[in-house]
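Working notes, structure below.
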Amino acid sequence: MPTIKVKGMSCQHCVASVTKALTDIEGIFDVKVDLEAGEATYNENNPVTMETIKDAISRIGFEVVS
Ligand SMILES: [Cu+2]
């Protein structure tokens, strides 16, 4: 189950936005976002590149950090 660090989340609205952005990616499901930790975990049923993840997150104004 991949885990990514997401920079810039400050409230539950951010959590909801990030959750939706990830869930909307084809192949990704079971997204969980931890506001305190600034992390998101997800499952994928076909391989999704980190580039796709980063694009989806930056499009909504947050940043994936490694
Ligand atoms: Cu927020």
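My numbering puts the first residue of the sequence shown at 2, with every later residue one more than the last. Where a beta carbon is used, it is the ideal one built from N, C-alpha and C, also for glycine. Treat the numbers as computed from the prediction; the structure is a model and nothing was measured.
Practice task
Note down the Cα distance separating V49 from I58, rounded to an integer number of angstroms.
Solution key: 14 Å
Practice task
Could you tell me the distance, in whole angstroms, from the CA atom of E37 to the CA atom of M2?
Solution key: 19 Å
Problem - First and last residue of the uninterrupted beta strand (DSSP E) at A41 - result: 40-45
Exercise for the section: Note down, in chain order, each residue of its chain lying with its Cβ closer than 7 Å to the Cβ of A17, except the 5 sequence neighbours on either side. Expected result: none
Handout entry: With 16 other Cβ atoms within 10 Å as the buried cut-off, status of I29
Key = buried
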